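Peer 1:
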Amino acid sequence: MARILIVDDAKFMRMTLTNILQKGNHQVVGEADNGRIGIELYKELKPDIVTMDITMPEMNGLEAVKHIKSLDPNSIIIMCSALGQQKLVVEAIESGAKDFIVKPFDESRVLEAVSRVLEK
């Protein structure tokens, strides 16, 4: 079971991910609606995995990934992107994200990504 922090500005997306992750026997330890809050919660909660939306107000997912990676090079971050954001996903992976999932979320794809990053 992984302890997971969800960072997404859309409450519906956070709820959807929470439901999927809990079905997969993972624990959602926190939620943030922008990258800045996500970084603060990362420091406080020390989750096993962060799911990070790319497009958010205040601080986007790319900036937040770089910041979390500078705090903790071993952090595990899975990017969440809408279709058509491939260029940003590549940039996120180059910045240290381990995997990505595409919205709308497919339950099996989300749980596969979590399993995959935990095995690395």
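Start counting the sequence shown at 1; every next residue gets the next number (full-length UniProt numbering).
Glycine residues also receive a C-beta, built at the ideal position from the N, C-alpha and C atoms.
Note that this is a predicted model, so its numbers are computed, not measured.
For Q35 versus A64, is the C-beta distance shorter than 8 Å?
Peer 2: It is Gly, not Gln, that sits at residue 35 in the sequence shown. Cβ atoms of G35 and A64: closer than 8 Å.
Peer 1: Would a C-beta distance cut-off of 8 Å place F100 and S115 closer than the cut-off?
Peer 2: No.
Peer 1: Considering only the alpha carbon of each residue, which of K120, L111, E119, L118 lies closest to K23?
Peer 2: Nearest C-alpha to K23: L111.
Peer 1: Relative to the C-alpha of E58, which candidate in S70, I76, G38, F105 has its C-alpha closest?
Peer 2: Closest by alpha carbon: G38.
Peer 1: Taking the beta carbon of G61 as the centre, do at least 16 other beta carbons fall within 10 Å, making it buried, or is it exposed?
Peer 2: So G61 ends up on the buried side.
Peer 1: By the DSSP assignment, the alpha helix (DSSP H) with G61 in it spans what residues?
Peer 2: Note, G61: alpha helix (DSSP H), 61-71.
Peer 1: Measuring alpha carbon to alpha carbon, tell me which of L83, L118, A97 ends up nearest F105.
Peer 2: The residue with the shortest Cα to Cα distance from F105 is L83.
Peer 1: Going by CA-CA distance only, name the one from V7, D48, E91 that's closest to E119.
Peer 2: Minimum Cα distance to E119 is reached at D48.
Peer 1: Along the alpha helix (DSSP H) that carries E31, what are the first and last residues, could you check?
Peer 2: Here E31 belongs to no alpha helix (DSSP H); instead the beta strand (DSSP E) covers 27-32.
Peer 1: Just reading off the beta strand (DSSP E) that T51 is part of, what are its end residues?
Peer 2: First-last of the beta strand (DSSP E) with T51: 49-53.
Peer 1: Let me confirm a value: L5 is counted as buried when at least 16 other C-beta atoms fall within 10 Å, else exposed. Which label applies?
Peer 2: Classification of L5: buried, given that the 10 Å Cβ count is 16 or more.
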